[in-house]
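In our numbering, the protein residues as written are 19 to 236.
In this text, a Cβ means the ideal position worked out from N, Cα and C, and glycines have one as well.
These numbers were taken from a predicted model, which means no experiment stands behind them.
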Ligand code: ADP
Ligand code: MG
């Protein structure tokens, strides 16, 4: 579940970004919808504890994220949040399996190769296990990044513009996969997007609208 109340963030020398309140039950889907620059990625960074709110609070899986001490944040994030970033950040120095293995290090857990193998299999990409990121197509790389996000069975999956560079067919497949994986885990799914196709594909989702007005100071 995710609840937020009075959430705001101000970048140095920026105007305050003010976010609408949300309440999403466990297993629900939330779309953050709005144009580029309206604050969607910032909201995801607040919900995952990469940034600390300047006002208000966001509660994710029962944890008030801003209340986490700085030294506990990385591990909390690794254990509770599956993040599918816009830029995938796969390490070219490592194979697909070893990229996934990094998740366990971040969470302070021993690498569980069986879980890595099962997750790759569940996404139909076990044949890619020994490849380097540069040997993957865009769609395959996104599946690998999704596998990485799902590895520790997070309660929340955050996806930043997952369909931005996809054609209609790949867009539908990607959203279908995200929804299927989220419901298999009963995870709450949050998708930040400026892509109108996403709302059409997920009509049951809660909507948090972002627009330029969110940035105007009071
Ligand atoms: P979106 O994801 O909707 O495109 P962002 O959350 O990335 O929007 O950005 C929201 C606003 O904050 C924009 O005006 C952007 O320029 C600004 N912003 C984003 N990151 C930074 C940063 N690191 N420092 C200063 N301003 C930033
Ligand atoms: Mg963004």
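Closest residue to residue i among the options (Cα-Cα distance)
i	options	result
residue 80	42, 52 and 180	42
residue 37	115, 62, 163 and 151	62
residue 237	134, 214 and 224	Given a span of 19 to 236 for the chain in the structure shown, any question on residue 237 remains unanswerable.
residue 203	159, 170 and 116	170
residue 221	194, 135 and 106	194
residue 151	67, 174, 106 and 210	106
residue 30	182, 24, 72 and 40	72
residue 70	60, 141, 76 and 84	84
residue 224	33, 23, 39 and 34	39
residue 190	219, 173 and 162	219
residue 66	137, 160, 24 and 175	175
residue 207	135, 185, 144 and 167	167
residue 241	109, 44, 200 and 52	Residue 241 lies beyond the residue range present for the chain, which begins at 19 and ends at 236; the question has no answer from this structure.
residue 177	187, 160 and 75	160
residue 196	144, 126, 116 and 164	164
residue 103	128, 68, 131 and 23	68
residue 101	216, 200 and 157	200
residue 126	146, 98 and 110	98
residue 75	48, 26, 108 and 186	26
residue 205	229, 158 and 172	172
Residue range of the unbroken beta strand (DSSP E) whose run includes residue i
i	result
residue 40	40-42
residue 176	174-178
residue 210	206-211
Delimiting residues of the alpha helix (DSSP H) encompassing residue i
i	result
residue 187	186-203
residue 100	Not the alpha helix (DSSP H): residue 100 falls in the beta strand (DSSP E), residues 99-102.
residue 60	58-65
residue 133	131-140
residue 218	214-219
residue 118	114-125
residue 160	156-168
For residue i, the residue or residues it bridges with in DSSP
i	result
residue 230	Paired residues: none, contrary to the question.
residue 224	48
residue 77	21 and 82
residue 27	35
Any chain D beta carbon closer than 7 Å to residue i
i	result
residue 210	Of the chains in the structure shown, none is chain D; there is only one protein chain.
At least three beta-carbon pairs within less than 8 Å, the stretch 85-95 to the stretch 116-123: Of all C-beta pairs linking the stretch 85-95 to the stretch 116-123, fewer than three are shorter than 8 Å, placing the two stretches out of contact.
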